[in-house]
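K.L.:
Before I ask anything, let me first share the structure, which is written out below as structure tokens.
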Amino acid sequence: MKKRIFIALFAILCLIFSSSYVMANDNNNGNNNLVDGVKNTVNEAGNMAEDAANGTAGAIKDGANNVKDKTQDAMDNAKNSVENAGNDVNNTMENMGNNMRNQNGNDYTATRTAAEENTGNTTQNWMGRDIWTWIIVGIITIVIVALIWYYASRNNR
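Residue numbers (this note's numbering): 240 to 396.
Written out as structure tokens, the structure reads:
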């Protein structure tokens, strides 16, 4: 029953509002001024919304293009700077090598310098470097095992 009353009231309200819209219409010389006014208002609002959207889209597009252009310029400048620096280093090293060759008459020889007279595999005393390496590794191993044993026996007490 409540559903029927609700539907009836809804239908009556729809009729009242639709007929009041028609009654408010002023019909001069066959022109429907109210309807035309509403149409014009809606069209103007639509045009304003479209213009605003186009302006916003244009501004966003221009901003994105500006950022892209500035970024590309910065990348090009950085690339050129790095390339120029690399060329400068290359030229400097090449000139330095040429100067060394020219000063020594192209017969440059390097001599090896060392703290020891004998640069073989032996040190100043009778033991070789490999023996000293194994002695140090053995001592470190003994120390590590002793520390593990000490901490294990301390935790068992």
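C-beta: ideal position from N, C-alpha, C; glycine also.
#1: Rounded to whole angstroms, what's the CA-CA distance from M335 to A324? Just pull it up for me.
#2: Out of curiosity, what's the CA-to-CA distance linking I299 and A291?
#3: Per DSSP, which one or two residues make a beta bridge with G302?
#4: T380 to I387, Cα distance in whole Å?
P.N.:
The structure says:
#1: 16 angstroms
#2: 12 angstroms
#3: Bridge partners of G302: none, in fact.
#4: 11 angstroms
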